[in-house]
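To keep things clear, I will list the structure first and then write my remarks on it.
In my numbering, the protein residues as written are 2 to 150.
Right under this line is the structure:
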């Protein structure tokens with residue numbers, strides 16, 4: 002999938018949330034500035050969260066509680082050691098009612114589990130190329146609902 006505008010990248014994030022009846026774990030890989038946070042911002046804005054949406058580069062995780070579910074946004078860029086995830090309480094966020102968006106998952110290789118969908122974002126001229134890899138049944142249902150198959 003090719004996306005050429007910030008608005009379309011946000012819409013893709015909104016579509017992720019709106020295309021599934023249940024939350025899951027989504028990882029986002031890509032160089033700095035490819036739009037990982039923009040996708041998460043689109044997901045959050047589609048849920049009515051429009052203020053205070055920022056990348057958790059220094060806090061490592063931002064948590065948003067909504068009426069029917071929650072969203073945990075991880076940015077592992079500054080993670081020094083994958084074991085730090087245990088101190089963050091990473092597993093506490095892996096609940097059936099919580100969406101987990103994880104930027105820079107490669108920094109925690111071997112510690113992340115139950116990944117439903119892996120999104121890889123690459124520069125392609127002025128646009129971005131998104132590739133989705135399914136991690137489990139939930140991820141397969143999500144990409145089918147979004148017609149990404």
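Built from N, CA and C at the ideal position, the CB exists for glycine as well.
Task: Straight-line gap, residue 109 to residue 91 (C-alpha atoms, nearest Å) - done: Going from the Cα of residue 109 to the Cα of residue 91 covers about 11 Å.
- [ ] Excluding the 5 residues preceding and the 5 following residue 83 in the sequence, name in chain order all residues of the same chain whose CB lies nearer than 8 Å to its CB.
- [x] 108, 109, 110, 111, 112
Task: Any beta strand (DSSP E) of 3 or more consecutive residues that is wholly inside the region 3 to 62 - done: 26 to 31
Task: Collapsed DSSP secondary structure at residue 139 in the structure displayed - done: Looking at residue 139 - three-state DSSP - the assignment turns out to be helix.
TODO: May I have the straight-line CA-CA distance separating residue 26 from residue 130, to the nearest angstrom?
DONE: Distance from the CA of residue 26 to the CA of residue 130, rounded to the nearest whole angstrom, comes to 21 Å.
- [ ] Return the CA-CA distance between residue 64 and residue 29, expressed in angstroms with no decimal places.
- [x] 17 Å
Task: residue 107 (DSSP reduced to helix, strand or coil) - done: helix
- [ ] Tell me whether residue 76 sits in a helix, a strand or coil according to DSSP, three-state version.
- [x] strand
- [ ] With distances taken Cα to Cα, identify the nearest neighbour of residue 7 among 33, 133, 125, 39.
- [x] The option with the nearest alpha carbon to residue 7 is 39.
Task: Pairwise C-alpha distance: residue 98 and residue 69 - done: 7 Å
Open item on the list: To the nearest angstrom, how far is the alpha carbon of residue 125 from that of residue 142?
Closed with: 27 Å
TODO: Quick one: grab the DSSP three-state call for residue 124.
DONE: Three-state DSSP puts residue 124 in a strand.
TODO: Please check the pair residue 37 and residue 43, which I expect to be a contact at CB under 8 Å, by giving their CB distance rounded to whole angstroms.
DONE: In fact, because the Cβ distance is near 11 Å, the residues do not count as touching under 8 Å.
Open item on the list: Between the alpha carbons of residue 145 and residue 133, how many angstroms are there, rounded?
Closed with: If you take the alpha carbons of residue 145 and residue 133, they lie about 11 Å apart.
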